Each structure stands twice: as C-alpha cells, then as structure tokens.
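In case it helps, our numbering puts the sequence shown at residues 12 to 315.
Heads up, the beta-carbon is just placed ideally off N, CA and C, and yes, glycines get one too.
Values in this document were obtained by computation on a predicted structure and should not be read as measured data.
Data first, discussion second: the structure below is written as structure tokens.
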Amino acid sequence: MTRSASQTAGRTPAASLRTKLTNRRRNEDPVCAGPVKVEAPVQPKTEALPEYPHSRRRRQLKVEYEKDERVSPMKTEHWEPADWRKQLGFIREMRSGRDAPVDNMGAEKCYDMEAPAHVRRFQVLVSLMLSSQTKDQVTAAAMQKLRAHGCTVENILATDDEKLGKLIYPVGFWRNKVKYLKLTSAMLQKEFGGDIPSSVEGLVRLPGVGPKMAHLAMDIAWDQVSGIGVDTHVHRISNRLGWLRKATKNPEETRKALEEWLPRELWSEINWLLVGFGQQVCLPVNPLCSVCLNQHKGLKNVRT
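Now the structure itself:
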C-alpha cells in the first residue's frame, strides 16, 4: 500500500462525513426534518431618508445659531438715535437762558428751604402730586397757599376737604387730589413717621403717585437718580426728535425706551431740559419750529 493509499484509508470521505453530520443534527433536533437550507445573511432593512437640498440644511442651522446669539446677553445690540448728541447740544443752547416756567416754578422751587428735611421732602411730593395735568404757574400758586396754611402731614390731615380744596384750586382734577393728599398723608404718618418713602417702590404705593412723580421725588427730595421723570413734554419731544426705536403711546413707555439707551448721567438733566424746551419752543400745538436749532442744522430724523 502506498503512502497515498494509506492516508485515504485513514480519512473519511467528505461526502460520507457530511451525511453523518446531517443525520446527527436530525437526531438532536427532531423539528428540522428536512434538509438544512443555508441562506445568505439578510441585511437590515433601512428606510430611505428624504434628500434635502444642501442650502436648506444650512439655512436651518443658521437660524438656530442666530437664535442662540439673540438670547445671549453678551450679543445684545446697543441702539441709539442718530445725531442725538448734536440735538441735545442744541437744546441746551436754546435752554441756556433758564427762563422757562419750570426753571422758576417747578417742584425744585416750591418747597420751604427753611423747613425741616422731612417737611421739605413732603412738600416736594405734594407739589409733584398737584402738578399732574396742571401748568407750573398754577401749581406754584397752590403751593404758596398751602405753605402759608402749613404744608405738613399733620396740617393736611387736620384740614377739612372743603378748605383743602379751596387752597389747591384750580389745579387739574383738584377734587381727586384733595382725596389723594388726605390718603397719602395718613399713610405717611402711619407707616413712615411723617416722612416720604426713600424708594420708588414705596413712593408708587402712595395714592395719587405714579412713576414720573416717584422718580422726580427721588431725584429732588432724596438726591438719588432712580429713573427718568417723563411727563407729557418729555414724551412728546422724545417722539418728535426720533429718540425712540419706535413710537410710544404714553409717558411710561417713553421712560422705559429712553432708559434703554440714554446714558444714566443724563437722566436727571433730561426732564428739566425737555420740559422747559417744551414750554417755550416745542409746544404741543403749533411748535415754533422756525426758531428751533434742530430744524436748521441739517438734522434729518426730527419728526414734525
């Protein structure tokens, strides 16, 4: 026997070995009675994704990025009106005479400088309450009568409504102001020891006191700048000059819009400056644009 024959005799033919393995598998798994069918591996079925243009995907990412930038306080855009510093300079020049009613009869001029500090502060608040919807000349006359009568918390509470009404007449809405003066005086006596609150939050709690009065009272009475005092003059002129990103409907909207961009060191001056300008030049009806420097210096954003 040759070596090749010996190797063949000691090896099970391939067909015979396959038969044995098949029979053995049938014995171990009776369910598989038929021949084993070997199939090619099945690839997982994937759903085709819709194809979007490249430009559309980029646009979506860009919008999301811009949104994130808008939320970040570090990326907040600072807006301010064009030429506002030039306009302010011209208004200062036109107001250099300091001869408007507000200069001689405003809240800063209506209190008794010889009175105790808490009485002076109370008189500042009273003059501001009376000045609403009232010309400075009328407010100053009413304050002169009140001071002669005794403009203190105790005297206001001791004065009957009829007498108080005669003292402040003819200020605008004088009947309502009689009521507010009484209620406010009672509150000051009970909660603040006869003095006025030293915060905007405390001041606006008082009957008849709004944000404009509160900020002016903080400035004049407490020598603290808490915000811009915006009355009808400041409201009107700020819109006419284009000092607001968009037109506002009331003084409180104007105050918030101005405080967003106007430097804080100007907040105290701007009320006095614009009120006098509004009393003499930028009038509510028939403003004197012919003498306004802002109309003759080539400034284009003034709204007439």
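Residue environment analysis places residue 166 among the exposed positions, since fewer than 16 neighbouring C-beta atoms fall within 10 angstroms of its C-beta. C-alpha of residue 117 to C-alpha of residue 197: approximately 25 Å in a straight line.
Cβ-Cβ distances below 8 Å link residue 170 to 160, 178 in the same chain, with the five nearest sequence neighbours on each side left out; the list follows chain order. In this structure, 232 is the residue among 284, 216, 232 with its C-alpha nearest to the C-alpha of residue 128. By the neighbour-count definition (other C-beta atoms within 10 Å, threshold 16), residue 140 is a buried residue.
By the Cβ neighbour-count rule, residue 186 is exposed, with fewer than 16 other Cβ atoms within 10 Å of its own.
By the neighbour-count criterion, in which a residue is buried when 16 or more other Cβ atoms sit within 10 angstroms of its Cβ, residue 108 is exposed. For residue 107, the secondary structure class from DSSP, reduced to helix, strand or coil, is coil. The way I'd put it, the region 223–243 does touch the region 262–282; three or more beta-carbon pairs between them come closer than 8 Å. Going by beta carbons, residue 281 and residue 294 fall outside the 8 Å limit. Within its own chain, the residues whose Cβ lies closer than 6 Å to the Cβ of residue 218, once the five positions on either side in sequence are excluded, are 191, 194, 195, listed in chain order. For residue 203, the closest C-alpha among the options 223, 267, 164, 253 is that of 164. When C-alpha distances from residue 158 are compared across 130, 143, 146, the shortest belongs to 130. Excluding five sequence positions before and after residue 235, the CB atoms of its chain that fall closer than 7 Å to its own CB belong to 229, given in chain order. Runs of alpha helix (DSSP H) with 4 or more residues, each lying fully within the region 265–313, are found at 278–291, listed in chain order. Across the set 119, 162, 250, 226, the C-alpha of 226 shows the shortest separation from the C-alpha of residue 211. With a cutoff of 8 Å on beta-carbon distance, residue 147 and residue 181 are scored as not near each other. Between residue 252 and the set 300, 223, 126, the nearest pair of CA atoms involves 300.
When only Cα atoms are considered, residue 215 and residue 91 end up about 29 Å apart.
Taking C-beta separations shorter than 6 Å and ignoring five residues to either side along the sequence, the partners of residue 122 in its chain run 131, 134, 135, following chain order. Residue 254 is positioned such that its CB atom lies no closer than 8 Å to that of residue 277. In the structure shown, residue 257 falls within a coil segment according to DSSP collapsed to helix, strand and coil.
The three-state reading of DSSP puts residue 213 in helix, counting H, G and I together.
Residue 304 is positioned such that its CB atom lies closer than 8 Å to that of residue 104.
If you draw a straight line from the Cα of residue 96 to the Cα of residue 238, it is about 20 Å long. For residue 302 against residue 292, the beta-carbon gap comes to about 6 Å, under 8 Å, which counts as contact. Its chain contains 183, 184 as the residues whose beta carbon lies nearer than 7 Å to that of residue 144, once the 5 sequence neighbours on both sides are disregarded; these appear in chain order.
Cβ atoms of residue 200 and residue 168 come within 8 Å of each other, at about 7 Å. In this structure, residue 162 keeps its C-beta atom at 8 Å or more from the C-beta atom of residue 189. By the beta-carbon neighbour count (other beta carbons within 10 angstroms, threshold 16), residue 266 is buried.
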